[in-house]
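Chemist: Residue numbers (our numbering): 80 to 220.
The beta-carbon is built from N, C-alpha and C at its ideal position, and this holds for glycine as well.
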Amino acid sequence: MNDCIFCKIISNDIPSYKIYEDEHVIAFLDISQATPGHTLVIPKVHIRDIFELDEHLAAHCFAVATKLAKHIVPLVGATGVNIVNNSHEVAGQAVFHFHAHIVPRFDATNDGYNAHWHNNMHEYNQEQLQTLATTLYVANK
Ligand code: AMP
Ligand code: ZN
Numbered sequence: 080m081n082d083c084i085f086c087k088i089i090s091n092d093i094p095s096y097k098i099y100e101d102e103h104v105i106a107f108l109d110i111s112q113a114t115p116g117h118t119l120v121i122p123k124v125h126i127r128d129i130f131e132l133d134e135h136l137a138a139h140c141f142a143v144a145t146k147l148a149k150h151i152v153p154l155v156g157a158t159g160v161n162i163v164n165n166s167h168e169v170a171g172q173a174v175f176h177f178h179a180h181i182v183p184r185f186d187a188t189n190d191g192y193n194a195h196w197h198n199n200m201h202e203y204n205q206e207q208l209q210t211l212a213t214t215l216y217v218a219n220k
């Protein structure tokens, strides 16, 4: 896709701080550096978001994110990591070429990244949770 900034990084039309490349993916420093070592893993083909990503390429992206997380975290002196994908505007996606964020974590409350969600359990009873689980259940074929 011509106007995709990440496709331009893949084709070297714009510069990046690349830290990994193989046949299917590249990884480079996120320009925002939410925390030191913040890295993006992207497929080399233009895929908009997780809804367009096939499971084999997803598995490879996650395998690379796992390998790089283990590599990056000790090198930057972090102790934890968040692996994050935002898919679609409602989830905060700003660049519409699939990417997995690797965000090294140094401090649970104050290191530049805030990853938490509300606990809404008070809005559910057991029957509602069972109905939800039944609706979402995936049979293992
Ligand atoms: P998201 O909100 O999940 O779509 O995240 C997009 C990310 O892309 C942001 O964290 C940006 O900092 C990052 N980003 C945008 N342009 C570039 C670029 N040219 N090089 C590296 N990272 C970028
Ligand atoms: Zn692209």
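Mind reading off the beta-carbon distance from F85 to V174? Whole number of angstroms is fine, and I expect it under 8 Å.
Modeler: Walking along the sequence shown from the start, residue 85 turns up at place 6. Walking along the sequence shown from the start, residue 174 turns up at place 95. Rounded, the Cβ-Cβ distance is 6 Å, consistent with contact.
Chemist: With a CB to CB cut of under 8 Å and the five nearest residues on each side skipped, what residues in its chain are close to F130?
Modeler: Residue numbering aside, residue 130 sits at position 51 when the sequence shown is read from its first letter. If we look at F130 and ignore the five residues flanking it on each side, its Cβ neighbours are S166, H167.
Chemist: Could you tell me whether the Cβ atoms of A138 and N161 are closer together than 9 Å?
Modeler: Position 59 of the sequence shown, counted from the first residue, corresponds to residue 138. Position 82 of the sequence shown, counted from the first residue, corresponds to residue 161. Taking 9 Å as the Cβ cut-off, A138 and N161 do not qualify as a contacting pair.
Chemist: Using 10 angstroms around the beta-carbon of V182, count the other beta-carbons present and answer buried if the total reaches 16, otherwise exposed.
Modeler: Looking up residue 182 in the sequence shown gives position 103. Result: buried.
Chemist: Quick one: give me the first and last residue of the alpha helix (DSSP H) that E134 is part of.
Modeler: The residue you call residue 134 lines up with position 55 of the sequence shown. It spans 134-155 - the alpha helix (DSSP H) in which E134 sits, taken as one unbroken run.
Chemist: Are the CB atoms of T114 and G191 nearer to each other than 9 Å?
Modeler: Sequence index remark: in the sequence shown, residue 114 carries index 35 (1-based). Sequence index remark: in the sequence shown, residue 191 carries index 112 (1-based). In this structure, G191 lies closer than 9 Å to T114 by Cβ.
Chemist: Drop a sphere of 10 angstroms on the beta-carbon of V169, count the other beta-carbons inside from all chains shown, and report buried for 16 or more, exposed for fewer.
Modeler: Counting from one through the sequence shown, the residue named residue 169 turns up at place 90. V169 comes out exposed.
Chemist: Measure how close the beta-carbons of A148 and N164 come, nearest whole angstrom, since I'm counting them as under 8 Å.
Modeler: Here residue 148 is taken as the residue at index 69 of the sequence shown, counted from 1. Here residue 164 is taken as the residue at index 85 of the sequence shown, counted from 1. Contact flag wrong, Cβ pair sits at about 14 Å.
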